[in-house]
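> Numbering (the working numbering), first residue to last: 3 to 636.
Could you have a look at this structure, given as structure tokens, before my questions?
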């Protein structure tokens, strides 16, 4: 299908926007009126610039306050429309978006509105133009798509149809199934936007919090199913109003926008193919419409390894800290200055190879997590999927006979390696490392596996991180939360796969003074700042770490004095938890124990967790306790 985007979605001048949109491989644009007014280029020059970039112009927008006005105002509106039509002819835009009137002075008369839209469409037809009428969710009289269709039907003009906007429809809780009853030749245009579920004025929600498909909570797949079954064949066009997107560099935003459309197409195709066996209409749709069909998302089985970028000094300090955490130095890379530490199923690599990716990463960010290895069914397919969504692949320097692990560059410029099951079975560690004979994988402190990871992002990259996790890693978002740091709020959204073998918490803070904000500043951007490791006996693990000299986070006594008011806990267990700094949470599914180490050079820290039952959370109620303790230590 034709893929389009409104220029209002991104930052920059109109010229800069058009170049960025073309680089992202969109087919066409909607020209937003203000972008044209503020441009030094004439409409004819804009038309030529789009042609040179290979972009069509699908729509000019918006035209406001047209319907439901008195005769004098309507006469002025028609004169205004004539000027816009002349401009559109020069611009080469075939369609004008007309929004329903939001003025309290709107005359609430459907017959009048229909006659006024008919007259406008007649003027548009004289120039070969069309009018797409859109019901704004905050329109004074017309604020639902069914109502806009009724007025268009009354107007009965071939150059007048409806524009459907997913935000205006889904934000009001309207049932999109009725779209299937609108004739296909009257579905003139489609605008798409996702959004997080929020309880607020719909106008403010729309103007500031829209996002691209896959970054919010709307059921856009279900919405699109009805649109396509109605016979719509026009462009899929993004119209997103978002303060962050309009402030962030437009190159990243347009790439996200295009990937979001591809992802939506894939989801629609998957749903229709699932229906095709028992539904001839769905089968006909899959045959009629070419929807994006990339390699399948990887089936991730968890974390295979975590790699740190260090120099000599930080490498020695980190190695000592890892041994204090119970990890054993189990191997040295055959051709690179990379050390392997293991405990249970956890593999940590400490990379101090000059001239390598890790060395470059260290130069930019200091000691930090520079790469993740994810265990998956087919590593090459995972990378092929990423490339299909225009994510850069990565190929590092490898020595003779060493394992080649397919990899992609992540949002924070770190590397994600996809370790296939076949590669594991061939023993890639034995291939790449000289391993020691004894105690490989021993659990000297009771640590058994990676439970979850937390990534922090600059505020303008958070939605990019959500999209990457969904599209490339096949993860699903949990409920987004705001956590109280003493110096500001931290927004957190957990991304998980179906069996929760991979859990990644995405965090962002507008304040540089929060723990997350300080970590991101130290890392010079986003990155893993928190590694949670699983233990089956958390108090024993805490005691072993304290004996090894690992400094644990100091939790106030007030926290433990309050716990009995919230939970029924054994007195002896409570006192042991108090002594060790172990935090606690419980819900109907089970229990969650966890404690934290102090931060390593202000960039990352470790958490040890123990889950019981089917508890699937992250102890979010304790996050402010942790952040307060870290703030005191800073």
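Each residue gets a CB set at the ideal place from its N, CA and C atoms; glycine is no exception.
These numbers were taken from a predicted model, which means no experiment stands behind them.
1) Nearest CA to the CA of residue 583: which residue from 629, 497, 27 and 558?
2) Counting C-beta neighbours from all protein chains within 10 Å, is the total for residue 164 16 or more, i.e. buried, or is it exposed?
3) Roughly how many angstroms lie between the CA atoms of residue 251 and residue 462, to the nearest whole one?
4) Counting pairs of beta carbons, one from the region 331-348 and one from the region 429-439, are three or more of them closer than 8 Å?
5) Using DSSP with H/G/I as helix, E/B as strand and the rest coil, what is residue 5?
6) Just to confirm, is the Cβ distance from residue 486 to residue 496 under 8 Å?
7) Bridge partners of residue 307, per DSSP?
8) Where do the N-terminal and C-terminal ends of the alpha helix (DSSP H) with residue 288 fall, by residue?
9) Among 531, 229 and 402, which residue has its Cα nearest to the Cα of residue 457?
10) Is there a Cβ from chain C that is less than 8 Å from the Cβ of residue 480?
11) For residue 390, collect the residues of the same chain with a Cβ closer than 7 Å to its Cβ; drop the 5 residues on either side in sequence, then sort them by chain order.
12) Can you check which of these residues, 261, 580, 349 and 283, is closest to residue 472 by C-alpha distance?
13) Given this structure, state the Cα-to-Cα distance separating residue 370 from residue 279, to the nearest angstrom.
14) Which two residues bound the contiguous beta strand (DSSP E) that contains residue 239?
15) Out of 47, 578 and 367, point me to the one whose CA is closest to residue 539's CA.
16) Under 8 Å by Cβ, that's how I've got residue 80 and residue 125 pegged, so tell me the actual separation to the nearest angstrom.
17) Taking buried to mean at least 16 other C-beta atoms within 10 Å of its own C-beta, is residue 272 buried or exposed?
18) Hey, how far is the Cα of residue 516 from the Cα of residue 171?
19) Since residue 536 and residue 611 should fall inside the 8 Å C-beta cutoff, what is the C-beta to C-beta distance between them, to a whole number of angstroms?
20) Below 8 Å on the Cβ atoms is my contact criterion, and I expect residue 161 with residue 127 to pass it. Report the Cβ-Cβ distance as a whole number of Å.
21) Can you pull the DSSP bridge partners for residue 341?
22) From which residue to which residue does the alpha helix (DSSP H) around residue 223 run?
23) On the DSSP letters alone, give me the boundaries of the alpha helix (DSSP H) that residue 36 sits inside.
24) Rounded to a whole number of angstroms, what is the C-alpha to C-alpha distance between residue 105 and residue 155?
25) Using C-beta distances below 6 Å, list every residue in its chain close to residue 316, excluding the 5 sequence neighbours before and after it, in chain order.
26) Where are the alpha helix (DSSP H) runs, 4 residues long or more, that stay fully inside the region 490-577, in chain order?
27) Please state the DSSP three-state secondary structure of residue 599.
28) Using 10 angstroms around the beta-carbon of residue 309, count the other beta-carbons present and answer buried if the total reaches 16, otherwise exposed.
29) Rounded to a whole number of angstroms, what is the C-alpha to C-alpha distance between residue 28 and residue 57?
30) What are the boundary residues of the alpha helix (DSSP H) that residue 58 is part of?
31) Using the Cβ count rule (16 or more neighbours within 10 Å means buried), how would you classify residue 107?
32) Could you pull the start and end residues of the alpha helix (DSSP H) that residue 50 belongs to?
33) So residue 277 is in the alpha helix (DSSP H); what residue range does that whole segment cover?
34) Starting from residue 190, follow the beta strand (DSSP E) in both directions and report where the run begins and ends.
35) Within 8 Å, do at least three Cβ pairs link the region 413-427 to the region 313-332?
36) Name the DSSP beta bridge partners of residue 479, please?
To lay it out plainly:
1) 558
2) Residue 164 is buried by the Cβ-count criterion.
3) One C-alpha to the other measures close to 9 Å.
4) Under the three-pair Cβ rule at 8 Å, the region 331-348 counts as touching the region 429-439.
5) In the structure shown, residue 5 sits in a strand (DSSP, three-state: E or B).
6) no
7) 375
8) 282-290
9) 531
10) The chain labelled as chain C is not found in the depicted structure, where only one protein chain is given.
11) 296 and 297
12) Nearest to residue 472 by C-alpha distance, out of 261, 580, 349 and 283, is 261.
13) 50 Å
14) That run of the beta strand (DSSP E) goes 238-240.
15) 578
16) 7 Å
17) exposed
18) Distance between the alpha carbons of residue 516 and residue 171: 37 Å.
19) 6 Å
20) 4 Å
21) 334 and 352
22) 222-231
23) 35-39
24) 23 Å
25) 369
26) 517-524, 540-549 and 559-568
27) strand
28) buried
29) 7 Å
30) No alpha helix (DSSP H) holds residue 58; the beta strand (DSSP E) holding it covers 58-65.
31) exposed
32) For residue 50, the uninterrupted alpha helix (DSSP H) segment begins and ends at 45-55.
33) 252-278
34) For residue 190, the enclosing beta strand (DSSP E) has its first and last residue at 189-194.
35) Result no; under three Cβ-Cβ pairs closer than 8 Å.
36) By DSSP's assignment, residue 479 forms a beta bridge with 497.
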